[in-house]
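A.B. asks: Going by full-length UniProt numbering, 95 is the number at position 95 of the sequence shown; the sequence numbering is gapless.
Note that beta-carbon positions come from the ideal geometry of N, C-alpha and C, so glycine has one too.
Can you read through this structure? Questions will come right after.
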Amino acid sequence: MATTPVDSVTERTFRSRVLKSNRPVVIQFWAPWCAPCRMMTPIMEQLAAEHSAALDVVKVNVDEEFALASHHQVSSIPAFVVYADGEPRDSWVGAAPKSVIEQYLAEYLEPGTSASASSAR
């Protein structure tokens, strides 16, 4: 399966990579010591490769970017936040199989659909 490395986002690059993106952006909040986070890395890389036309996938190291994690109220990892049109639209916490993540992201993967706000999981 093809994978695409997932870029790290910092407080300095958050605005340009997430807020100003013209596509939905999935953020994975993670830490190197977190086994479930490491388990999610290849899944997120697969999603980045398979859905590169529809969305961007980035990651934030919570140990290095405490302000971003705090701003997003991340208290458990892995945590995920989807931004669309510069606004947080969806979020969930915990490792999950690729098929479940794709269900969470379904409305952002369908061509021609606008990103509508949905409740946090």
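1. Can you grab the Cα-Cα spacing for the pair Glu102 / Trp33, in whole Å?
2. Would you give the residue range spanned by the beta strand (DSSP E) that Ile27 belongs to?
3. Apart from the five residues just before and just after Lys59, which ones in its own chain have a Cβ nearer than 6 Å to its Cβ?
4. If I follow the unbroken alpha helix (DSSP H) through Val81, where does it start and stop?
5. Note down the Cα distance separating Val100 from Ala35, rounded to an integer number of angstroms.
6. Does DSSP put Pro88 in a helix, in a strand, or in coil?
7. State the start and end residues of the unbroken beta strand (DSSP E) segment that holds Val18.
8. For the beta strand (DSSP E) that Val58 lies in, which residues bound it at each end?
9. Go ahead and label Asp56 buried or exposed: buried means 16 or more other beta carbons lie within 10 angstroms of its beta carbon, across all protein chains shown.
10. What are the boundary residues of the alpha helix (DSSP H) that includes Ser70?
11. How is the alpha helix (DSSP H) around Arg12 delimited, first residue to last?
C.D. replies: Judging by the given coordinates:
1. What you label residue 102 is simply residue 102 of the sequence shown in a count that begins at 1. What you label residue 33 is simply residue 33 of the sequence shown in a count that begins at 1. Cα to Cα, Glu102 sits roughly 25 Å from Trp33.
2. Reading the sequence shown from its first residue, position 27 is the one you call residue 27. Element bounds for Ile27: 25–30.
3. Against the sequence shown, residue 59 aligns to sequence position 59. Once the five neighbours on either side are set aside, the close Cβ partners of Lys59 are Val6, Ser8, Gln28, Trp30.
4. On the sequence shown, residue 81 is found 81 positions in, with the first residue counted as 1. Val81 -> not in any alpha helix (DSSP H); beta strand (DSSP E) instead, spanning 79–84.
5. Stepping through the sequence shown from its first residue, residue 100 is reached at position 100. Stepping through the sequence shown from its first residue, residue 35 is reached at position 35. Between Val100 and Ala35, the C-alpha separation is close to 19 Å.
6. Translated into positions along the sequence shown, residue 88 becomes position 88. Strand.
7. For the purposes of this step, residue 18 is taken as the residue at position 18 of the sequence shown. Taken as a continuous stretch (DSSP letters only), Val18 belongs to no beta strand (DSSP E), as it is neither H nor E.
8. In the sequence shown, the residue the question calls residue 58 occupies position 58. Element bounds for Val58: 56–61.
9. As a first step, residue 56 is located in the sequence shown; it is residue number 56 there, counting from the start. By the 10 Å Cβ count, Asp56 comes out buried.
10. By one-based count along the sequence shown, residue 70 stands at place 70. Here the alpha helix (DSSP H) through Ser70 covers 66–71.
11. For the purposes of this step, residue 12 is identified with residue 12 of the sequence shown, where counting begins at 1. Counting along the chain, Arg12 falls outside any alpha helix (DSSP H), and DSSP gives it neither H nor E.
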